[in-house]
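**Q** In UniProt numbering, the protein residues as written are 1 to 138. Structure in structure tokens, see below.
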């Protein structure tokens, strides 16, 4: 498999789990698609898109407004347990509803996910400033 590179493995992954904290102090976990700027690997972006949702006022957004500390987890499972790994990012999230950060995040997400050629990106962007990378591999 070669040398394990946590940031590269994280960046290539198609999905992460975003953990936020509810106002009651409980964990809230959702799968998200995300993108990382190659020139700034310590900022990770995810956005609210037009896929069907119960509401546009998502709990993850309300949680971040109250408590901006979040974690993102990416993992790889294989029947061959010598190929297992995970990478976790802990950081501070901010919500962007317009401006350069939003446009840059949309561009990165459209580049990584061809599905965004047909699914509109039209909601807020969450930018996560990484404070700590943690990882494990077999």
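Beta carbons: idealized from backbone N, C-alpha and C, even for Gly.
Nearest-angstrom Cα distance between residue 78 and residue 28?
**A** Their Cα atoms are separated by approximately 26 Å.
**Q** The beta strand (DSSP E) with residue 29 in it runs from where to where?
**A** From DSSP, the beta strand (DSSP E) with residue 29 extends over 27-32.
**Q** Out of curiosity, what's the CA-to-CA distance linking residue 73 and residue 17?
**A** Those two C-alpha atoms are separated by around 5 Å.
**Q** Quick one: what does DSSP say residue 9 is sitting in, helix, strand or coil?
**A** Residue state, collapsed to three classes: helix.
**Q** What are the boundary residues of the beta strand (DSSP E) that residue 125 is part of?
**A** 121-137 is the span of the beta strand (DSSP E), which, as asked, contains residue 125.
**Q** Are the beta-carbon atoms belonging to residue 123 and residue 49 less than 9 Å from one another?
**A** Yes, the pair counts as a contact, with Cβ atoms nearer than the cut-off.
**Q** Output the distance between the C-alpha atoms of residue 67 and residue 58, rounded to the nearest integer angstrom.
**A** Their backbone Cα atoms lie some 14 Å apart in a straight line.
**Q** Is residue 102 a contact residue of the ligand GDP, with contact defined as CB to any heavy atom under 8 Å?
**A** As presented, the structure is devoid of all ligands, the ligand GDP included, so that no description of it is given.
**Q** Identify which residue in 47, 138, 83, 106 has its Cα closest to the Cα of residue 30.
**A** For residue 30, the nearest C-alpha among the options comes from 47.
**Q** Please list, in chain order, all residues of the same chain as residue 7 whose beta carbon is under 7 Å from its beta carbon, the five residues on each side excluded.
**A** Contacts found: 41, 133.
**Q** Compare the C-alpha of residue 11 against each of 20, 39, 22 and name the closest.
**A** Per the Cα distances, 39.
**Q** Could you give the C-beta distance for residue 138 and residue 83, rounded to a whole number, given that I count them as a contact under 8 Å?
**A** Going by Cβ atoms, the distance from residue 138 to residue 83 rounds to 6 Å, so yes, they are a contact pair.
**Q** Out of 63, 70, 96, 106, state which residue places its alpha-carbon closest to the alpha-carbon of residue 89.
**A** The residue with the shortest Cα to Cα distance from residue 89 is 70.
**Q** Is it right to say residue 143 is buried, meaning 16 or more other beta carbons lie within 10 angstroms of its own, or is it exposed?
**A** Outside the shown range of the chain (1 to 138) lies residue 143, about which nothing can therefore be said.
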